[in-house]
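Have a look at the structure below, then the notes.
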Amino acid sequence: MQSPNPTTELSKTYDPANVEPRLYDFWERSGFFHEEPDPARPPFIIPMPPPNVTGRAHLGHGSTYTPMDVLTRYHRMLGDNADWLPGLDHAAIATEAVLVRELSKEGTSRDAMGRERFVERAWEWSRTYGGTINEQFRKLGFGPDWERSRFTMDEQLSAAVRKVFVALYREGLIYRGKRLINWDPKGQTTVSDAEIDHVDRDGSLWHITYPSKDGAYSIEIATTRPETMLADVAIAVHPADARYAHLIGKSVLAPPLLAREIPIIADDVVDMSFGTGAVKVTPAHDATDYDIGQRHNLPMPSIMDFEAKISGDEVDVGTYAGLDRYEARKRIVDDLREKQLLVKEEPHRLAAAISERSGDVIEPLLSLQWFVKMKPLAEPALAAYRDGRLRFVPERYGRTYEQWLDNIRDWNISRQLWWGHQLPVWYTAAGDVVVAETEEEAIQMARERFGTTELTRDPDTLDTWFSSGIWPFSILGWPEKTPELDHWYPSQVLITGWEIIFLWVARMVMLGMHFAGEVPFPTVFISPLVFDAQGRKMSKSLGNAIDPMDLVERYGADAFRMGILRQMRLEGQEIRFQESRCEEARNFNNKMWNATRYILSLPEGLPRAMTLPKAETLTQADHWILTRLHDAIVGVTEAFDRFDFGSAAELLWRFVWYEFCDWYLEATKVEQNRATRASVLSFVWNNAMRLLHPICPFITEEIWLALPHDGVTVMTASWPDRFEIPVDREAAQAFEAHMAASESIRRQKQELQLPPSSKPPVRIPADLAAAVKAAVATFTPSAAGATLSEDPALHGGIAAIIVDAPKDALVDRYRKDAARLRSEVERGEKKLGNAQFTAKAAPEVVAKEREKLEAYRSELQRVEAAMAAIGERA
RNA sequence: GUGCGUGUAGCUCAGUGGGAGAGCACCACCUUGACACGGUGGGGGUCGUAGGUUCAAUCCCUACCACGCACACCA
């Protein structure tokens, strides 16, 4: 495909809206994002964390997805077999929530509709509205290999899910059991431990008396959940607690019904210092109590149903049956008070377990569910981290990963939802279980083993994270031995936020090692989370959420990317997002745009090919900018290689704006630098565009195409090679002396209130004469002096000084200088006068200190002499 | 409770065992061969507090304070 013609008439301001869609279209239609597996080149593969099909781009994508795009573009330019593999997640809970809302608007419901039509509807919705985020990603300039996009519900990926489930089941790593699970009453489904938030809330701690049948003794306990008393099966105390030793083994009546006798038992888990030191045990409704119940072989009656209402199915709950959990709590407390069993109620802070998705308070319930046995999977995953096959950047997140895997519990994977991968599990009428990859296989197995073909499929679906867990290999065609799987697994890096290390990263490692035989990625880069400028989480309800699409519209995608990357710090765990950074970045782009206009408008025109003039014809300014370019290449390359996007962005910003535009471009305006400027400007600017392309893909392409270049797109241009850049540090240093001199002259002119256009006589130190003379005479026309004279008394520090200014201003200027210099001299003298310092400090440190003192002293002398010359005393 | 992170200019943040930095904001000046989404210059900080190590500490160590986060069976 032909490169699009850049605008011939360049307007004064850069207009991203006019450039970005055109270039994106060019890239995508040219297939520049697409790659085929190529064993001849080193692979660079990033599996994209699949956004929810219901998702919209948010600022978090700026900090996690931009780095992926940057690295992919960078590695493509390095010549790697680079591919960024995109996709979408079916997001069961989120999608069902959307549909349930829609259905209720239409006056119908999930259950009324039936499973088949509901799932059809979910597919339809996913195809029609889902994936909006992919369009948004295009606007952000993200360039994954769209042709390889996958959806977790695709047939091939679903087959992989079934295969993994069946395999784990047959290995005994998936089992069905009645366990205490986290029930989300609002979402009407179970959720895993990792999907729960603990939020501190104000609650109460009720002290309640449990009397003995004969009234001879009683025991007082403290609880935050009186409604679960109906399912109490014991009272537990610490075995070493002297207060209760005499009661262990005895029984009390369970309030408020006082109809059942429950034993008092001893268990280590009880904290003697909390509450009364005695705790009620309710195995069916509390995790700790469940463990106690298991240890002591206690019954586990349940008194709550899936609506979080009191139910009398398993044990007598009196008149509380049918009450909502909170209503029941209130009624029971009232009744206890009436029966004088309530000792007291005190305010108490408690950590409420909240479902991340629905926000409802989680209810621990006993339920028959499917689980993955995690320990055997976690061990290799831990070993991989410990022996370095898996590393985290920043390193500290590895400890989070380690801690979680060390304390891992079995993973509840069955969900009471319809949208998702239905469990490949069938039951016979007799209750026998058949697990198979397909229905045909299941029927055959049932016939052989149980002599029946009448099967009912388990209605539950799998936790969405189950399919995400196999993402790194399922998207490569697993279990087929595809070339993709062969060359692109494992991938090179995974980039995500730290909030899903447990939910996703750890599970990918475990499942990847188990099924694909290797750690799915050697490096996990954890990107910072984005907060508002006050450090608050961005949310719709707070009204502080910023839509990245708005930013793209206002400043352009390049500016958004640069704006957010420049706020990233390698070790940072958050970004306090400042929109002003995007505005600055827009200005930065405009700066580059105008620098380009200048370059393109040189009267002598640009050379056809990107070649440098002969080394001996290069000026000091040329040597300087080339040396700076060399260092920028080294710095940016190193920064990208260690995921330090903030430093890379900052470094490029400096190079482009403060070095190239502010100094070199200005230097090319004077006579001495004109002969070589067209070649050097195009060469350096071409290289700069390539260096910056991963971060600002659009404007760099637009400019690169307008400059002398090879190829059709900067996307596939080669990464700048530092060995191709001539470096002359001596010449560069001389130019830096020029810069210092110019700055000094400019500063003094302002302080002496001389008009900027004035050209006062300038004196310069004899030992820097050559350099500074050139400086003043050449590239600082606005600051240039009319005459130069050397002054043997001057050296170092202030390189030049102007005379013939208004006397008041001069005196003021001299006094300030003298004061500053005196304090420096004093500091130096004190330090060097310290025998300990000269004896123990490193010799070069002492020498440097001596030099500094010398310089300050002579400058002070000069200032004093200058004052004396105008008849003043400093 | 345990662990991790953070505390440097008004704001957001770099940084280093030996002279405190950037951007924005602020002030002044400037339309000088591209750019006012620009240029030049300037003011502004006892580097959270208290100790310790060191010739020397913003940096290393300890304690404390404040903030953020993760984990945790205080019912």
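Using the numbering used here, you'd call the opening residue of the first sequence number 524 and step up by one each time.
Glycine included, each C-beta is placed from N, C-alpha and C at the ideal position.
For residue i: DSSP bridge partner residues
{"i": "A953", "result": "A953 pairs with nothing; no bridge assigned."}
{"i": "M827", "result": "I833"}
{"i": "R1089", "result": "None; R1089 has no bridge partner."}
{"i": "R914", "result": "T1046"}
{"i": "H730", "result": "A745, K867"}
{"i": "V948", "result": "V958"}
{"i": "V1157", "result": "DSSP, once it has assigned bridges, lists no residue as partnering V1157."}
Beta carbon of residue i nearer than 8 Å to that of residue j
{"i": "L1123", "j": "T1199", "result": "no"}
{"i": "F556", "j": "G664", "result": "no"}
{"i": "I826", "j": "V840", "result": "yes"}
{"i": "A1080", "j": "H1146", "result": "no"}
{"i": "F1100", "j": "D1055", "result": "yes"}
{"i": "T712", "j": "Q939", "result": "yes"}
{"i": "L859", "j": "I742", "result": "no"}
{"i": "F1163", "j": "A1171", "result": "yes"}
{"i": "L946", "j": "G992", "result": "no"}
{"i": "P1434", "j": "N604", "result": "In this structure the chain extends from 524 to 1397, so residue 1434 is not present and cannot be described."}
{"i": "M1085", "j": "N1209", "result": "no"}
{"i": "P570", "j": "I998", "result": "yes"}
{"i": "L776", "j": "P734", "result": "yes"}
{"i": "P1217", "j": "Y588", "result": "no"}
{"i": "V1235", "j": "M1212", "result": "no"}
{"i": "L985", "j": "V1207", "result": "no"}
Given residue i as reference, the closest of the options once Cα atoms are compared
{"i": "P1071", "options": "T746, V1053, G1058, L1065", "result": "V1053"}
{"i": "V884", "options": "D910, R914, L1230, E830", "result": "E830"}
{"i": "M897", "options": "L928, Y1181, D910, Q659", "result": "L928"}
{"i": "A907", "options": "L891, F894, E925", "result": "E925"}
{"i": "R638", "options": "T587, P822, W941", "result": "W941"}
{"i": "S553", "options": "W669, Y1379, T923", "result": "W669"}
{"i": "I771", "options": "K853, R1165, Q1359, A789", "result": "A789"}
{"i": "R1252", "options": "Q1057, E1374, L1152", "result": "L1152"}
{"i": "I1023", "options": "A717, W1186, F1166", "result": "A717"}
{"i": "H584", "options": "E559, E629, I656", "result": "I656"}
{"i": "I833", "options": "S796, D814, N820, E886", "result": "E886"}
{"i": "D620", "options": "K853, G578, W607, L1008", "result": "Note that residue 620 is Ala in the sequence shown here, rather than Asp. Of the candidates K853, G578, W607, L1008, the one whose C-alpha sits nearest the C-alpha of A620 is G578."}
{"i": "F1458", "options": "P1045, E1106, S1064", "result": "Only positions 524 to 1397 of the chain appear in the structure, and residue 1458 is not among them; the question remains open."}
{"i": "V1368", "options": "D606, W1186, G1351, S586", "result": "G1351"}
{"i": "G610", "options": "R650, P1130, V576", "result": "V576"}
{"i": "A759", "options": "M752, A1358, I744", "result": "I744"}
{"i": "V1028", "options": "A901, L1125, Y1121, P1006", "result": "A901"}
DSSP state of residue i mapped onto helix, strand, coil
{"i": "E1377", "result": "helix"}
{"i": "A1162", "result": "helix"}
{"i": "K736", "result": "coil"}
{"i": "T1301", "result": "Any reading at T1301 must be qualified, since the residue scores a pLDDT of 48, below 50, and its modelled position is unreliable; the value itself is stated next. Three-state DSSP puts T1301 in coil, outside helix and strand."}
{"i": "E1372", "result": "helix"}
{"i": "R1345", "result": "helix"}
{"i": "P903", "result": "helix"}
{"i": "R1131", "result": "coil"}
{"i": "E1395", "result": "coil"}
{"i": "H1318", "result": "Legend: pLDDT at H1318 = 41, less than 50; position of this residue unreliable, value from coordinates given subsequently. Looking at H1318 - three-state DSSP - the assignment turns out to be coil, as it is neither helix nor strand."}
{"i": "T984", "result": "strand"}
{"i": "R1350", "result": "helix"}
{"i": "G1308", "result": "For G1308, the predicted model reports a pLDDT of 43, less than 50, meaning its position is unreliable and no value from the coordinates is stated."}
{"i": "E1102", "result": "coil"}
{"i": "F1054", "result": "strand"}
{"i": "R938", "result": "strand"}
{"i": "R1059", "result": "coil"}
{"i": "R650", "result": "helix"}
heavy atom of the ligand SAH below 7 Å from residue i C-beta
{"i": "V895", "result": "Of ligands this structure carries none, so the ligand SAH is not represented either."}
**Item:** 4-residue-minimum alpha helix (DSSP H) runs that sit fully inside the stretch 528–610, ordered along the chain
**Value:** 539–553, 582–600
**Asked** What residue ranges within the stretch 697–727 form continuous beta strand (DSSP E) runs of no fewer than 3 residues, ordered along the chain?
**Response** 697–707, 712–714
Complete alpha helix (DSSP H) runs within the stretch 987–1028 (minimum length 4 residues, chain order):
987–992, 994–997, 1006–1011
**3 or more residues per run - each beta strand (DSSP E) lying fully within the stretch 739–775** = 741–746, 757–760
Check your understanding: Which runs of the beta strand (DSSP E) spanning at least 3 residues fall entirely within the stretch 810–886, listed in chain order?
Key -> 865–878
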